[in-house]
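*Asks:* Residue numbers (our numbering): 198 to 621.
Idealized CB from N, CA, C, for every residue including glycine.
Computed from a predicted model, the values in this text were never measured in an experiment.
Here you go, one structure.
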């Protein structure tokens with residue numbers, strides 16, 4: 198049996214009613230969290246608020262300090278059944294907010310040795326508030342709920358500080374998916390790429406893998422007036438940057454899957470008339486296929502080393518795999534799309550294109566089947582293609598999308614537990 202076979206029941210109606218009743222609290226939580234954002238592995242205040250709320254609801258278990266600041270709550274329904282997990286990420290970004298709202302962030306902190314502004318520029322404040330609302334909705338209906346719901350509030354989705362571990366991978370290592378093991382996991386992301394209240398989904402590869410790379414060109418310092426006496430790493434670096442543009446355009450079958458190689462930072466030299474010893478470059482690689490991912494890594498390395506060797510320069514290439522491809526389980530997605538369609542309403546649940554952004558929700562999907570979907574938060578009347586994107590200091594979320602997220606996660610959990618229990 199799939200969610201398509203689950204007929205909307207009195208429980209479904211009660212979920213919707215409870216979601217509407219909790220909406221004002223969800224908005225209040227979101228605004229408070231937005232005004233007090235915290236960076237990865239430092240979400241102390243956020244975690245304390247979440248844990249206090251889950252304990253207040255009387256959940257059967259509340260575990261804290263998972264992967265530094267993560268919180269896990271376990272809700273056991275009154276009826277027998279399987280286990281499902283719901284996940285929300287908690288961290289903000291080192292971005293100085295430029296949105297004119299009464300609850301705008303003024304926070305500043307240290308990040309990797311620099312003083313930075315802090316902002317929920319990616320909407321994780323919305324995700325936390327939504328899942329807190331879902332916990333309240335489902336705990337209030339536990340007498341009619343099958344199985345077990347595990348609420349996972351995850352730190353450091355945007356990455357841990359340098360020298361630290363964190364995020365979904367560390368939560369899994371510390372048992373987030375154990376005792377009990379969920380049969381499926383659901384997560385969402387608010388997005389400026391969709392109008393408010395629209396739900397977007399995609400089966401299979403949905404968000405790209407992300408890898409960080411650095412290339413250091415080692416030259417020989419000399420006077421800028423006599424370049425022949427040294428080895429110019431700046432010119433070599435420029436040739437490497439241009440050469441990297443051919444890795445995807447000429448070396449990857451983009452008819453099969455898209456890919457991206459972007460150079461985001463170049464640093465070298467201190468004076469206009471001195472050719473420096475070395476130049477450092479950093480960039481990112483995105484792909485949707487693991488074999489293609491490895492092939493791109495090899496091509497980047499070979500090209501950079503070969504160009505450098507041809508210029509008599511040395512070259513050090515370092516590529517670090519970060520997040521794997523976010524792959525929505527096709528069978529789970531097909532089974533749960535009717536639930537999303539019912540929540541969104543006629544014509545408001547859409548198949549969306551692949552996203553070259555990345556998500557560490559992908560680590561959960563490597564252990565159990567998962568579905569990650571999107572909820573639009575761009576105000577009506579504004580073209581999503583022209584508005585400020587997630588991660589922008591001007592990112593704005595229309596809060597009318599939050600109750601849609603609460604309803605979506607609550608219905609997904611209920612329908613999955615009901616359909617999976619019936620199938621057994």
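For a test of the three-state rule: what should DSSP assign to residue 447, helix, strand or coil?
*Replies:* The answer is helix: DSSP assigns residue 447 an H, G or I state.
*Asks:* Between 338, 380 and 241, which lies nearest to residue 274 when the distance is taken from Cα to Cα?
*Replies:* Among 338, 380 and 241, the Cα nearest to that of residue 274 is on 338.
*Asks:* Strictly by DSSP, which residues pair up with residue 285?
*Replies:* In DSSP, residue 285 forms a bridge with 350.
*Asks:* So for residue 366, helix, strand or coil by DSSP?
*Replies:* Helix at residue 366.
*Asks:* How far does the alpha helix (DSSP H) with residue 380 in it reach, from first residue to last?
*Replies:* Careful: residue 380 lies outside any alpha helix (DSSP H) and carries neither H nor E.
*Asks:* Do residue 595 and residue 576 have their beta-carbon atoms positioned less than 7 Å apart in this structure?
*Replies:* In contact: residue 576 and residue 595 (Cβ atoms closer than 7 Å).
*Asks:* Checking 7 Å against the spacing of the C-beta atoms, do residue 288 and residue 236 come in under that value?
*Replies:* Yes, they are a contact pair.
*Asks:* Give me, in chain order, the residues of the same chain whose beta-carbon lies closer than 6 Å to that of residue 451; leave out the 5 immediate sequence neighbours on both sides.
*Replies:* Counting only Cβ-Cβ distances below 6 Å, and skipping sequence neighbours, we find nothing.
*Asks:* If I measure Cβ to Cβ from residue 372 and keep anything under 8 Å in the same chain, skipping five residues before and after, which residues do I get?
*Replies:* Excluding sequence neighbours, residue 372 sits near 263.
*Asks:* Which runs of the beta strand (DSSP E) spanning at least 3 residues fall entirely within the segment 442-513, listed in chain order?
*Replies:* 456-464 and 475-484, all fully within the segment 442-513.
*Asks:* Helix, strand or coil: which one does DSSP assign to residue 560?
*Replies:* Looking at residue 560 - three-state DSSP - the assignment turns out to be helix.
*Asks:* I believe residue 294 touches residue 314 by the beta-carbon criterion, under 8 Å. Please report the beta-carbon distance rounded to the nearest angstrom.
*Replies:* So it is a contact: roughly 7 Å between Cβ atoms.
*Asks:* Using the Cβ count rule (16 or more neighbours within 10 Å means buried), how would you classify residue 376?
*Replies:* Result: exposed.
*Asks:* Compute the distance between the beta-carbons of residue 624 and residue 352, then report whether it is under 7 Å.
*Replies:* The structure shown has nothing for residue 624, since the chain only spans 198 to 621.
*Asks:* Along the chain, which unbroken stretches of the alpha helix (DSSP H) at least 4 residues long are found entirely within the segment 511-584?
*Replies:* Runs of the alpha helix (DSSP H) inside the segment 511-584: 527-541 and 558-562.
*Asks:* Could you pull out every residue in the same chain whose Cβ sits closer than 6 Å to the Cβ of residue 507, ignoring the five residues on either side in sequence?
*Replies:* Nothing meets the Cβ criterion.
*Asks:* According to the Cβ coordinates, are residue 591 and residue 296 closer than 7 Å?
*Replies:* The answer is yes: Cβ separation under 7 Å.
*Asks:* Express the C-alpha separation of residue 568 and residue 611 in angstroms, rounding to a whole number.
*Replies:* About 15 Å.
*Asks:* Kindly list the residues whose CB is nearer than 6 Å to the CB of residue 464, restricted to its own chain and excluding five residues on each side of it in sequence; keep chain order.
*Replies:* Within the same chain, residue 464 has close Cβ partners 477.
*Asks:* Cα separation between residue 548 and residue 570?
*Replies:* So the alpha carbons of these two residues sit roughly 10 Å apart.
*Asks:* Taking the alpha helix (DSSP H) that residue 222 belongs to, which residues open and close that run?
*Replies:* Taken as a continuous stretch (DSSP letters only), the alpha helix (DSSP H) holding residue 222 covers 207-232.
*Asks:* Using only alpha-carbon positions, find the residue among 217, 426, 280 and 357 that is nearest to residue 616.
*Replies:* Considering only alpha carbons, the answer is 280.
*Asks:* Would a check of beta-carbon distances place residue 551 closer than 7 Å to chain B?
*Replies:* Absent from the structure: chain B. Only one protein chain is present.
*Asks:* Which same chain residues end up closer than 7 Å to residue 496 when comparing Cβ atoms and leaving out the 5 residues on each side of it in sequence?
*Replies:* Correct list, in chain order: 444 and 448.
*Asks:* Looking at the unbroken alpha helix (DSSP H) that takes in residue 316, where does it start and where does it end?
*Replies:* Counting along the chain, residue 316 falls outside any alpha helix (DSSP H), and DSSP gives it neither H nor E.
*Asks:* Could you name the residues of the same chain whose beta carbon sits closer than 7 Å to that of residue 257, not counting the 5 residues immediately before and after it, in chain order?
*Replies:* So the list reads 271, 272 and 273, once near-sequence residues are dropped.
*Asks:* Is it buried or exposed for residue 425, if we count other Cβ within 10 angstroms and need 16 for buried?
*Replies:* Classification of residue 425: exposed, given that the 10 Å Cβ count is below 16.
*Asks:* Go ahead and pull the three-state DSSP assignment for residue 436.
*Replies:* If DSSP states are grouped into helix, strand and coil, residue 436 belongs with the helices.
*Asks:* Could you tell me if residue 378 is buried or exposed, where buried requires 16 or more neighbouring beta carbons within 10 angstroms of its beta carbon?
*Replies:* With fewer than 16 other Cβ atoms within 10 Å, it is exposed.
*Asks:* If you measure between the beta carbons of residue 229 and residue 354, is that distance less than 7 Å?
*Replies:* Not closer than 7 Å, so no.
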